[in-house]
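S.K.: Residue numbers (the numbering used here): 25 to 451.
Cβ coordinates follow ideal geometry from the N, Cα and C atoms, glycine included.
If you scroll down you'll find the structure; I have some questions about it.
Here is the structure:
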C-alpha cells in the first residue's frame, strides 16, 4: 500500500504540474489582469491589441466566451470573487444567469480565473459546483486551472476518484474485433458520415444538424440526470454559435451524457440515431476543429479477463465503435490506474482470483499510434478537465494490433503485471 500511495503521489505531481512549463510564467507578468488594481484595468479590446503586438503566442482553443463585457465596468460578481467575499458570491449565485458567471470581464479574465489566481479555494469550489465553464482562456491563453495558486485548488478541478472515463472495465463498447471486413465497414461508415456533413441529400445542412441534435436528441432523448441542464446549455450555445466546440465541452463535462452517447452509438440504438450520427459527423469533419487534429501516440487503461485478452492477436484489426477517451501522456493514464487501485484498497476490496490462482481481471495499457488527420482530436484546452490531456479518438477508426506483451509496472504488486497492447492506425 505504501509503495502504491507514493507512486500515486508522484504521478499526481506530474499531472498537476505538467502544464506549468507553458503557462505558469504568465502569473508573474506585471500586466497580468489579476495583478492590476481594478481601478486601473484596461478594456478587453485594448488588452487584445497589446497581446497582438507582444511576443506571446497563444493557441486559443477554448470555446467562445459565453458573455463578453462591453464596457470598462467590472461586474459585482467578479469583484466579489476576486476579493474573497464569500457571502456576496453566494447571494449573487442565487440571482444571476450562468452567462454572467462565465462572463469575460473588461480585463480579459473571468470570476473563476480571479478566484483561482488569488487562492480563494472556497469560492473556486462554489463556482465549480455551480457549473462554471472551466475551458475559458484569459489573455495569455491560460485556463482557470493554470491560474490556480495552490495544489489544493488544482485538485478541485479533478474528476471524482472513482470516475472511469479513461478506464474501461471491458472493451465491448469501445471495440469491434472482426476480420478484414472491418476496413470496409469503417470506410462505409465514414463515407456515409461525410455525405451527411456535405449535405449531398440537401436535407442535412450544418444548421439543421445543430438544431436537430439540440431539439430532438438533447431535449427529448436524454433522461434526467445530474448535470443535464449544463448539457442543454452547452448544446444551446452550439446551435446559437454554430460551433462544434460546445459539443466537446458537453462531452467532457462530468455527467452521464458521454456514457449514454457512447453506449447508444456502440449498441446501435435506432431511436435518435440520425442525431447521434450528426454529432459524429460534426466532430469528424467540421473545419472549426481542424486545429485540434492530432497525430501521435495516446494512452488508455482497461481491465479485462484472460479470455478477452486472447482476442487481441498480433495483426488483428479492431474498429472503434464509440468515442474513446485517451491521454496524451502515459503518466496520466497510469495516474488514473493508480487512483482506481487506491480507491479499491481503501474500500477493502481485494483482487479476485480464479481456481488456477490467476487474477480474474488484469490491467491493460493500450498505446494508440494515430496516423490519419481527424481520426483523433487533442481537446485538452477545450475540455472541462484540462489536467487529463485528453485525446479523443473518433468512432469508426481502425487499428491493427502490433504487439502484445506483459510488462511490470513500478510500485505495483507482482500480481499486477499488466498487458501492454500496441495499436497502430490502419492506413
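(1) For the alpha helix (DSSP H) that contains residue 291, what are its first and last residues?
(2) The beta strand (DSSP E) spanning residue 301 covers which residue range?
(3) Measuring CB atoms only, is the region 410-420 touching the region 342-353, in the sense that at least three cross pairs come out at less than 8 Å?
(4) Roughly how far, in whole angstroms, is the beta-carbon of residue 459 from the beta-carbon of residue 389, given that I think they are within contact range, below 8 Å?
(5) So, does the region 289-301 touch the region 359-367, judging by three or more C-beta pairs under 8 Å?
(6) With three or more C-beta pairs closer than 8 Å as the rule, is the region 49-62 touching the region 128-143?
(7) Please report the residue range of the beta strand (DSSP E) in which residue 216 lies.
(8) Do the region 396-408 and the region 308-320 touch if we need at least three Cβ pairs shorter than 8 Å?
(9) Is residue 137 buried or exposed, if buried means 16 or more other CB atoms sit within 10 Å of its CB?
(10) Give me the Cα-Cα distance between residue 145 and residue 219, rounded to the nearest whole angstrom.
(11) Should residue 247 be labelled buried (16 or more other beta-carbon atoms within 10 Å of its own) or exposed?
(12) Rounded to whole angstroms, how far is the Cβ of residue 418 from the Cβ of residue 313, which I believe are closer than 8 Å?
(13) Quick check on residue 44: buried or exposed, where buried means 16 or more other Cβ atoms within 10 Å of its Cβ?
(14) Can you give me the Cβ contacts of residue 242 inside the same chain, cut-off strictly under 7 Å, excluding the 5 residues immediately before and after it?
(15) Can you tell me where the beta strand (DSSP E) holding residue 322 begins and where it ends?
(16) Would you mind sorting residue 249 into buried or exposed? The rule is 16 or more other CB atoms within 10 Å of its CB.
(17) I'd like the list of long-range same chain contacts for residue 213, defined as Cβ closer than 6 Å, with 5 residues on each side in sequence excluded.
(18) State the start and end residues of the unbroken beta strand (DSSP E) segment that holds residue 231.
(19) Taking 8 Å as the CB-CB cut-off, is residue 290 touching chain B?
(20) Short check: CB of residue 371 to CB of residue 272, under 8 Å?
M.R.: So, to answer that:
(1) Residue 291 sits at position 267 when you count from the first residue of the chain shown. Where residue 291 is concerned, the enclosing alpha helix (DSSP H) stretches over 281-291.
(2) The count along the chain shown starts at 1 and reaches residue 301 at position 277. Looking at the DSSP string, residue 301 is not in any beta strand (DSSP E); the run it does join, the alpha helix (DSSP H), is 297-309.
(3) yes
(4) The structure shown does not extend to residue 459, since the chain is modelled only from 25 through 451, so no value can be given for it.
(5) no
(6) yes
(7) Along the chain shown, read from residue 1 onward, the residue named residue 216 stands at position 192. Looking at the DSSP string, residue 216 is not in any beta strand (DSSP E); the run it does join, the alpha helix (DSSP H), is 205-221.
(8) yes
(9) On the chain shown, position 113 is the one that residue 137 refers to. Classification of residue 137: buried, given that the 10 Å Cβ count is 16 or more.
(10) On the chain shown, residue 145 is found 121 positions in, with the first residue counted as 1. On the chain shown, residue 219 is found 195 positions in, with the first residue counted as 1. Cα to Cα, residue 145 sits roughly 49 Å from residue 219.
(11) Taking the chain shown and counting its residues from 1, one reaches residue 247 at position 223. So residue 247 ends up on the exposed side.
(12) Numbered from its first residue, the chain shown carries residue 418 at position 394. Numbered from its first residue, the chain shown carries residue 313 at position 289. At roughly 11 Å, the Cβ-Cβ gap does not stay under 8 Å, so residue 418 and residue 313 are not in contact.
(13) In the chain shown, counting from the first residue as 1, residue 44 sits at position 20. Residue 44 is exposed by the Cβ-count criterion.
(14) On the chain shown, residue 242 is found 218 positions in, with the first residue counted as 1. 255, 256, 259, listed in sequence order.
(15) Residue numbering aside, residue 322 sits at position 298 when the chain shown is read from its first letter. Unbroken beta strand (DSSP E) run through residue 322: 320-328.
(16) Taking the chain shown and counting its residues from 1, one reaches residue 249 at position 225. Burial call: exposed.
(17) Position 189 of the chain shown, counted from the first residue, corresponds to residue 213. If we look at residue 213 and ignore the five residues flanking it on each side, its Cβ neighbours are 420.
(18) Your numbering for residue 231 matches position 207 in the chain shown. No beta strand (DSSP E) holds residue 231; the alpha helix (DSSP H) holding it covers 230-236.
(19) Among the protein chains of the structure shown there is no chain B, as only one such chain exists.
(20) One-based indexing of the chain shown puts residue 371 at position 347. One-based indexing of the chain shown puts residue 272 at position 248. Not in contact: residue 371 and residue 272 (Cβ atoms no closer than 8 Å).
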